[in-house]
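Protein chains in written order, with my numbering: chain A, 37 to 214; chain B, 9 to 112.
Think of the CB as a built atom: it goes at the ideal place given N, C-alpha and C, for glycine as much as any other residue.
On a predicted model such as this, the values are computed, not experimentally measured, just so you know.
First up is the structure itself, then whatever we jot down about it.
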Amino acid sequence: MQLFSGPSISTMVHGVVLGGGALMALFAALFSLYAMRPAQASAVPPAAPSRAVALLLVAAAAALWLTVLGGTYVVFPPYRVTPPEGVTALAAYPRAFVLADPSTAWLHSFGMEIKEHVPWIAAMITTGVAFVATRARERLWEDEEVHTTAMVLIGLCVALVACVSLLGVFVNKVAPVQ
Amino acid sequence: MSTVTGANGSVWAAILASGIGAFAMGLVVILNEAGVFAAPSLYGPSGGVSGRTTIAVVVWLVAWVVLHSRWKDRPVDARRVRAVTLLLIGLGLVATFPPVWAVF
């Protein structure tokens, strides 16, 4: 018996390695932005720590892009395969399987529909903030407007990615890609 | 910490572009759900999501390039840009929220 199939490994890489990695990097960046927040312009953190935060944000953006691209073009296709006419055993067809039962239909009509689009928004936002943190590092730490905005946007991305990850866990629990 | 003056355009171009990208995503999704515009499927096995997300990413990148080239050497009103960015992101997220589609 095969323990993991190719598609199930792809799903784990997508959700645990890349999505989980992105969430950890985003949270670490958010915490660093808060903890290293200078009380005044003269107390701007030294170059090395602020460069580390920039690297965290670049890593988060890279992981998010790999997550959404892998999710859309590798993991999603086997999820949405239409079962052949007359097939009643739907376990191998996750979308059809969850839609067949009214108590689990929301996993597709709500959960997967959100998962299809919202992570892309988080990837675009994180990339924008990562650009600021790498190309305008001094301004990120010296300018209160920029710093506050970066914290708000990364905090939003943490919430979005966490919610989407949870929905992914629910879908994969009920109808795993096999 | 304080508000720093000077050319801050490239910073806010990157931030506003992300708001425009988020709004574009929401707009494409809501138009699709309303039956007004169906994005072409660029990769058959993934279906329409491949077209919808590609359109939003292209809009985001074009907006970023245009804003960056126009703003990079000049100061912009940070508060106004931040407010517009957050509004666009909020609208984009609302439009991608499935219960909202029932309105259309």
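{"query": "Looking at the secondary structure, which residues open and close the alpha helix (DSSP H) in which Tyr70 of chain A lies?", "result": "56-71"}
{"query": "Can you check whether the C-beta of Pro53 of chain B is within less than 8 Å of a C-beta belonging to chain A?", "result": "yes"}
{"query": "Can you check whether the C-beta of Ala128 of chain A is within less than 8 Å of a C-beta belonging to chain B?", "result": "no"}
{"query": "Work out the CA separation of Val44 of chain B and Leu100 of chain A for me, nearest whole Å.", "result": "30 Å"}
{"query": "List, in chain order, every chain B residue whose beta-carbon is nearer than 7 Å to that of Pro113 of chain A.", "result": "Pro53, Ser54"}
{"query": "Can you say whether Thr124 of chain A is buried or exposed, counting buried as having 16 or more other CB atoms within 10 angstroms of its CB?", "result": "exposed"}
{"query": "Could you spell out the range, first to last residue, of the alpha helix (DSSP H) harbouring Pro85 of chain A?", "result": "83-106"}
{"query": "Flag this pair as touching only if the segment 103-113 of chain A and the segment 175-194 of chain A have three or more C-beta atom pairs under 8 Å; answer yes or no.", "result": "no"}
{"query": "Answer yes or no: do Arg175 of chain A and Ser86 of chain A have a C-beta to C-beta separation smaller than 8 Å?", "result": "no"}
{"query": "Can you tell which of A:Asn208, A:Val194, A:Val207, A:Trp177 has the C-alpha that lies nearest to the C-alpha of Val19 of chain B?", "result": "A:Trp177"}
{"query": "Mind checking whether Ala169 of chain A and Val89 of chain A have CB atoms under 8 Å apart?", "result": "yes"}
{"query": "Assuming Ala136 of chain A and Leu126 of chain A make a contact with CB atoms under 8 Å, what is their CB distance in whole Å?", "result": "6 Å"}
{"query": "By the 10 Å Cβ neighbour count, where 16 or more other Cβ atoms means buried, how is Ile161 of chain A classified, buried or exposed?", "result": "buried"}
{"query": "If we ignore side chains and look at the alpha-carbon of each, how far apart do Asn16 of chain B and Leu54 of chain A end up?", "result": "33 Å"}
{"query": "When the distance is taken between beta carbons, is Gly204 of chain A closer than 8 Å to Lys151 of chain A?", "result": "yes"}
{"query": "How close, in whole Å, do the beta carbons of Ala166 of chain A and Ala97 of chain A come, if the pair is a contact with beta carbons under 8 Å?", "result": "4 Å"}
{"query": "Taking C-alpha atoms, which residue in A:Leu93, A:Met72, A:Gly42 lies nearest to Gly57 of chain A?", "result": "A:Leu93"}
{"query": "Where does the unbroken alpha helix (DSSP H) through Glu121 of chain A begin, and where does it stop?", "result": "Unbroken run through Glu121 of chain A: none, as it is neither H nor E."}
{"query": "Using 8 Å as the threshold, is the C-beta distance between Ala47 of chain B and Gly56 of chain B below it?", "result": "yes"}
{"query": "Here's the rule I'm using: 16 or more other beta-carbon atoms within 10 Å means buried, otherwise exposed. How should Ser26 of chain B be labelled?", "result": "buried"}
{"query": "Taking the CB atoms as reference points, tell me whether Ala30 of chain B and Leu101 of chain B lie closer together than 8 Å.", "result": "yes"}
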